[in-house]
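Read in order, the letters of the sequence shown correspond to residues 1 to 255 in full-length UniProt numbering.
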Amino acid sequence: LALDKRRESFINISDFLKGLKYLPKTYVMASYGPKKKKATKTGKTKKTKFNRDDGGPPHFMTESYQHATDTHRYDRDHRPGHPIEDDTIYINMNYCVKTGDIESLRLALSQKVPVDVKDRFYKTPLMPACASGKLDFSTSCGTAGHHTASVDPSTLNGATPLMRAIESCRPSCVEYLIKAGAKVNAVNKTGTQNCLDVAHAYADFRVVDLIQAKINTLPRPKENKKPQPVRVHRKLMPASTPGSIKEKVEQVYCT
Numbered sequence: 001l002a003l004d005k006r007r008e009s010f011i012n013i014s015d016f017l018k019g020l021k022y023l024p025k026t027y028v029m030a031s032y033g034p035k036k037k038k039a040t041k042t043g044k045t046k047k048t049k050f051n052r053d054d055g056g057p058p059h060f061m062t063e064s065y066q067h068a069t070d071t072h073r074y075d076r077d078h079r080p081g082h083p084i085e086d087d088t089i090y091i092n093m094n095y096c097v098k099t100g101d102i103e104s105l106r107l108a109l110s111q112k113v114p115v116d117v118k119d120r121f122y123k124t125p126l127m128p129a130c131a132s133g134k135l136d137f138s139t140s141c142g143t144a145g146h147h148t149a150s151v152d153p154s155t156l157n158g159a160t161p162l163m164r165a166i167e168s169c170r171p172s173c174v175e176y177l178i179k180a181g182a183k184v185n186a187v188n189k190t191g192t193q194n195c196l197d198v199a200h201a202y203a204d205f206r207v208v209d210l211i212q213a214k215i216n217t218l219p220r221p222k223e224n225k226k227p228q229p230v231r232v233h234r235k236l237m238p239a240s241t242p243g244s245i246k247e248k249v250e251q252v253y254c255t
């Protein structure tokens, strides 16, 4: 009856031999054996770059402009990069800007692809356009008919398109970004270099003069610091004792 707590008038022999229900864990052999690992729930990983609604690739992969009548696009000497898949249908927008494929870029803009779309490295098409010093691509990526791109999109290391334009040593791109509203006081992720430091590192005095002239026109922050009140530290007087009070009183009466 002591083991039959549920009053079922029978005892399971396998449970009785294991002793899990009738003995403390310190006296059960199974508690000292190797334990099985609990199966963790395998959920779906979050995708950082979502595909399009029609099932196509992300927006930064755009259709490459191809001549429909070009019958010599593939031959024995000019083969595709992938032996099975046709890897020339879609192309990265940043690669279009880098290689100077203005036709594919215009095709993407005509299909209302966002101009400030980021790839897996968080780079917008404006970044390689400024890095290569191409002013025509910078203006195309900066403004489009249906959308205006952000001028200060930062990458993983905190660099901005203005920093890349400074590194390309093209004053035309730097001047265009400054007029578009780029921040000249932007700092990279490490917090050690701003745009003026990058300009001094590449030693192009034309770019340095443009950055310095823009910094001089910026309003200086107002100093609203109120003067702190001066604390007067008073010396602590020793506590008077009853004996000292009596001596003072006697001195007064004596005088």
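Think of the CB as a built atom: it goes at the ideal place given N, C-alpha and C, for glycine as much as any other residue.
Cβ-Cβ distance between Asn157 and Pro125 below 8 angstroms: no
Own chain residues within Cβ distance below 8 angstroms of Thr139, not counting five before or after: Tyr176
Beta-carbon proximity of Pro128 to His59, cut-off 8 angstroms: no
Cβ neighbours of Arg170 in the same chain (closer than 6 angstroms, five flanking residues each side left out): Gly133
Rounded straight-line distance, which links the Cα of Ser110 to that of Asn185: 34 angstroms
Cβ neighbours of Asn51 in the same chain (closer than 7 angstroms, five flanking residues each side left out): Pro57 and Pro58
Same chain, Cβ closer than 6 angstroms to Ala159, neighbours up to 5 away in sequence not counted: Asn188
Cβ-based burial, Val136 [other Cβ within 10 Å; buried from 16]: At residue 136 the sequence reads Asp, which differs from the Val that was named. Under this definition Asp136 is an exposed residue.
Classification of Leu218 by the beta-carbon crowding that lies within 10 angstroms, buried from 16 upward: exposed
Simplified DSSP state of Tyr90, which is helix, strand or coil: strand
Burial state of Lys25, where buried means 16 or more other Cβ atoms lie within 10 Å: exposed
Distance between Ile89 and Thr62 (C-alpha atoms, nearest Å): 8 angstroms
Separation of Val208 from His146, as counted between CA atoms: Model confidence at His146 stands at a pLDDT of 49, short of 50, so the residue's coordinates are unreliable; what they give is reported in the following sentence. Computed Cα separation, rounded: 34 angstroms.
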